[in-house]
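One structure is given here, and the rest of the page talks about it.
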Amino acid sequence: GYYGGGMRAMAASAGGPMPIAASAESADSNFKSADYSTTNVQVEGVDEADIIKNDGEYLYVVAKNKKIVILKAFPPSDLKIVSEIIPSSGQTTAYVTDVFVNGDKLVVFGTENYDFPIPYKLHSVLDVASNASIEVSDLTASAVPAAVEGSSDISVANAKISEAAVVRPGVACYRCYPPYQLYSLAFMKVYDISDRANPLLLKTLSTAGGSYVDSRMIGSKVYAVFEQPAYYNAPVPVLVVDGIAREAKPSEIKFFNEPLQAPLQFTSIISMDLTDLTKDEERETVLMGGSQNIFASAENIYVTYTRYPYYNPVLGVTEDLIAPYANAELKQKLAAIDKADVDEWVKDGLKNNLLTEFIYTLSAEKQNEIWQKISKEYEKNVAEEGVEKTAIHKFSLGDGVHYEGNAVVRGSVLNQFSMDESNGYFRIATTTSAVWGRQNGGIIPFLAETPQPVKPLLNHVFVLDSNLSIVGKLEEIAPGESIYSARFIGDRAYLVTFKKIDPLFVISLEDPKNPKILGKLKIPGYSDYLHPYDATHLIGIGKNAVDAKDSGGDFAWYQGVKLSLFDVSDVEHPKEVAKYEIGDRGTDSNALHDHKAFLFSKSKNLLVIPILLAEIDESTYPEGVPDYAYGDFVFQGAYVFTVTPEAGFTLRGTVSHATYQDLLKSGYYWFSDSSVKRTAFIENTLYTISDNFVEANDLTSLELINYVQINAEEPPFPPVLQSAPTTTAQPPTAPTG
Numbered sequence: 004g005y006y007g008g009g010m011r012a013m014a015a016s017a018g019g020p021m022p023i024a025a026s027a028e029s030a031d032s033n034f035k036s037a038d039y040s041t042t043n044v045q046v047e048g049v050d051e052a053d054i055i056k057n058d059g060e061y062l063y064v065v066a067k068n069k070k071i072v073i074l075k076a077f078p079p080s081d082l083k084i085v086s087e088i089i090p091s092s093g094q095t096t097a098y099v100t101d102v103f104v105n106g107d108k109l110v111v112f113g114t115e116n117y118d119f120p121i122p123y124k125l126h127s128v129l130d131v132a133s134n135a136s137i138e139v140s141d142l143t144a145s146a147v148p149a150a151v152e153g154s155s156d157i158s159v160a161n162a163k164i165s166e167a168a169v170v171r172p173g174v175a176c177y178r179c180y181p182p183y184q185l186y187s188l189a190f191m192k193v194y195d196i197s198d199r200a201n202p203l204l205l206k207t208l209s210t211a212g213g214s215y216v217d218s219r220m221i222g223s224k225v226y227a228v229f230e231q232p233a234y235y236n237a238p239v240p241v242l243v244v245d246g247i248a249r250e251a252k253p254s255e256i257k258f259f260n261e262p263l264q265a266p267l268q269f270t271s272i273i274s275m276d277l278t279d280l281t282k283d284e285e286r287e288t289v290l291m292g293g294s295q296n297i298f299a300s301a302e303n304i305y306v307t308y309t310r311y312p313y314y315n316p317v318l319g320v321t322e323d324l325i326a327p328y329a330n331a332e333l334k335q336k337l338a339a340i341d342k343a344d345v346d347e348w349v350k351d352g353l354k355n356n357l358l359t360e361f362i363y364t365l366s367a368e369k370q371n372e373i374w375q376k377i378s379k380e381y382e383k384n385v386a387e388e389g390v391e392k393t394a395i396h397k398f399s400l401g402d403g404v405h406y407e408g409n410a411v412v413r414g415s416v417l418n419q420f421s422m423d424e425s426n427g428y429f430r431i432a433t434t435t436s437a438v439w440g441r442q443n444g445g446i447i448p449f450l451a452e453t454p455q456p457v458k459p460l461l462n463h464v465f466v467l468d469s470n471l472s473i474v475g476k477l478e479e480i481a482p483g484e485s486i487y488s489a490r491f492i493g494d495r496a497y498l499v500t501f502k503k504i505d506p507l508f509v510i511s512l513e514d515p516k517n518p519k520i521l522g523k524l525k526i527p528g529y530s531d532y533l534h535p536y537d538a539t540h541l542i543g544i545g546k547n548a549v550d551a552k553d554s555g556g557d558f559a560w561y562q563g564v565k566l567s568l569f570d571v572s573d574v575e576h577p578k579e580v581a582k583y584e585i586g587d588r589g590t591d592s593n594a595l596h597d598h599k600a601f602l603f604s605k606s607k608n609l610l611v612i613p614i615l616l617a618e619i620d621e622s623t624y625p626e627g628v629p630d631y632a633y634g635d636f637v638f639q640g641a642y643v644f645t646v647t648p649e650a651g652f653t654l655r656g657t658v659s660h661a662t663y664q665d666l667l668k669s670g671y672y673w674f675s676d677s678s679v680k681r682t683a684f685i686e687n688t689l690y691t692i693s694d695n696f697v698e699a700n701d702l703t704s705l706e707l708i709n710y711v712q713i714n715a716e717e718p719p720f721p722p723v724l725q726s727a728p729t730t731t732a733q734p735p736t737a738p739t740g
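Quick note on this note's numbering: the sequence shown kicks off at 4 and runs consecutively.
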């Protein structure tokens, strides 16, 4: 059946459960349950921050990325707001990203954005800490630049100093202007929540001008990844702890010397022990190309990003090709570059610039001749490796955080599930883009009739040892397709690739030096996320697909959301033993792109996912519905399933916070603060969470038990549902009375 939305309003008008305002009473702990859901994480024992946390008695909800709402959730009849935390200091607007809960500690991550540059003094102590933010005093806010006295060189250009400097206002000093204006602080704040009704801020850690990337929690230790752009006139990373600025010493920063197209970033991993906040935090900073994807085991964190060539890769083969045309001046300049005391990639870039300029001094006939030779070398050499690569940086955990080294592999990484660590080996799955040959213009200015593909999309699996040396690899999997999902489980890897059908590959990693494909399954559609059901079954969630007409069999249109249950007990012949299709083209789910929206419990045979349901009105297509047609939005909420290998997927029902008016307001895109983002359970109660509401329903019948409004900016009750148009949605998307 359908519960939520207007059902809450009707229940309220009939004297049913009412939204409860924040309580000033101290929260009791007499009803804590041992049977409750936790965040869906990749590695057991390695927690991941999320927008909700559940401890069996309380829910901790990030509402509209503005505040954290603490709710007494169990028993559900007592559902109420206990307190709210708004990290903004009053001078700023805080964007809350996610949280951890560890016993009586709450850790909050986010960013404070300023409408004005943050006044700060390089190499000095910030003046006052107030309300977990940097308070601007007359000293720092003065429009008159200050003279700086210190124990060592204060030059902004090299930014080296070992002690804090004393700042005296009123004396002009051009070198003391802030070298780079900062407009944001990425923060990590720790609260004491032993009294849930009265949270107390214990510690604030911020990175000036930086951004929060991701985090993990192992036991009582929190590991957070922050980035800060590296500009010529900007400071080295500044860590602000309770208002005191600590600038990293240049000698402490590791440097990964490599060619990059994108600007360099200071990437810092900061660890904090929640059992003793008086300890100084540990920080390890590396100057590198950024941090796109993070994988963490109990022992190590791996930070990866896609690396592209700094210079034109085609011209890397030109020196030998141009030799027959070279004059004495060119040879002399090339020899000088060879003798220069710089990195090889710097030499390559200098040579490429020099050789390119020389080519354009030749006659049109010779230019054409050289470009044809370069094109052939490009097809032969560049196609072997592809253009993009993934840089891997390893940090060991435990007694602090320590940088262990780096490696580079072919291709780019989809997400964190494309990486794993087992028995000291790091495994990673990548995709290399298609490589095209002779082009009309572009990086090869040689006129060809039609650009020809040299190599298609390709997929690879690499195995690296503890020293990040490649010891095993399986390359060129599923030509022409790209990885849509990956999962490493024990000594196996499961890859889903897609172009027009969904091959599920089962790969053995039992011998790290010799990975091999054991079997594969081809079915329509694809899975965006794979989740282990048990030792021999996988759940996949993705999209169905149908062959596109008149495409030559080389293309498919994705359709609605599809759930699959795979039996991989026979590794050579994996099977899809159950499937469930939801909606038409345009149907979507947060769980496709965010694994934390996927709620699964094997002991309860429970699967809950948020669904935005789109359905096509076939009467608007009298000549038949084309495969590319999108449906209209008719429902948003949680789909609740029973799932077993024997019976497959059985829909118990749905729960929605959205009203029919919300659906009518939607256009090509959907947006509503009543969209269910997360779900959780405590014993036999299902909790659905949106930016507007937290709702409690009986997990068996899905009948409404209670609900509370958490967004005071909205009307106190959603409007009563109007009669909805008849659709083919199963279950119905709204009550019709």
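Backbone N, C-alpha and C fix where the C-beta goes; we use that ideal spot for every residue, glycine too.
Answer with buried or exposed for residue i, where buried requires no fewer than 16 other C-beta atoms within 10 angstroms of its C-beta.
i: Phe103; result: buried
i: Asn709; result: buried
i: Gln231; result: buried
i: Asp323; result: exposed
i: Glu621; result: exposed
i: Lys69; result: buried
i: Ala76; result: buried
i: Ile3; result: The chain is shown only over 4 to 740; residue 3 falls outside these bounds and no answer can be derived.
i: Pro613; result: buried
i: Lys334; result: exposed
i: Ile542; result: buried
i: Asp537; result: exposed
Can you give me the C-alpha to C-alpha distance between residue i and residue j, rounded to a whole angstrom?
i: Gly563; j: Ser436; result: 27 Å
i: Gly292; j: Tyr561; result: 34 Å
i: Glu478; j: Asp101; result: 37 Å
i: Ser567; j: Lys83; result: 37 Å
i: Arg655; j: Asp591; result: 19 Å
i: Tyr215; j: Leu595; result: 23 Å
i: Asn330; j: Leu353; result: 18 Å
i: Phe501; j: Glu575; result: 20 Å
i: Ala299; j: Tyr305; result: 6 Å
i: Ser677; j: Gly401; result: 41 Å
i: Met422; j: Thr41; result: 22 Å
i: Gly48; j: Val225; result: 12 Å
i: Thr539; j: Asp570; result: 6 Å
i: Asn687; j: Lys680; result: 20 Å
i: His126; j: Asn355; result: Annotation note: pLDDT 38 at His126 (below 50); position unreliable, coordinate value reported separately. Spanning the two alpha carbons is a distance of roughly 40 Å.
i: Val664; j: Asp635; result: Checking the displayed sequence, the identity of residue 664 turns out to be Gln instead of Val. In a straight line, the C-alpha of Gln664 is about 14 Å away from that of Asp635.
i: Ser425; j: Phe34; result: 39 Å
i: Ala251; j: Val239; result: 6 Å
Which residue's Cα is closest to the Cα of residue i: the options?
i: Gly545; options: Ala551, Asn517, Leu507 and Phe558; result: Leu507
i: Leu203; options: Thr434, Met220, Asp53 and Val110; result: Val110
i: Ser399; options: Asn303, Tyr561, Asn462 and Ala343; result: Asn303
i: Asp514; options: Phe501, Glu698, Ile486 and Asp494; result: Asp494
i: Asn418; options: Phe491, Thr703 and Met191; result: Phe491
i: Ser366; options: Gly401, Asn356, Tyr328 and Ile340; result: Tyr328
i: Asp768; options: Ser223, Ala301, Thr688 and Asp531; result: No information on residue 768 is available, as it lies outside the stretch 4 to 740 that the chain covers here.
i: Leu74; options: Glu706, Ile273 and Ile692; result: Ile692
i: Tyr117; options: Ser91, Glu380 and Val244; result: Ser91
With a cut-off of 8 Å on the beta carbons, I'd call residue i and residue j a contact; round off their distance for me.
i: Leu3; j: Ile585; result: In the structure displayed, the chain extends from 4 to 740; residue 3 sits before or after that span and is not available.
i: Leu460; j: Gly483; result: 6 Å
i: Val412; j: Lys392; result: 7 Å
i: Phe684; j: Tyr690; result: 7 Å
i: Lys599; j: Asn43; result: 5 Å
i: Ala581; j: Gly651; result: 3 Å
i: Ala189; j: Thr210; result: 5 Å
i: Lys516; j: Gly475; result: 4 Å
i: Val643; j: Leu705; result: 6 Å
* Asked: Do the region 664-679 and the region 637-656 meet, that is, are 3 or more Cβ pairs less than 8 Å apart?
  -> yes
* Do three or more CB pairs link the region 461-473 to the region 509-525 at distances below 8 Å? -> Yes, the region 461-473 touches the region 509-525.
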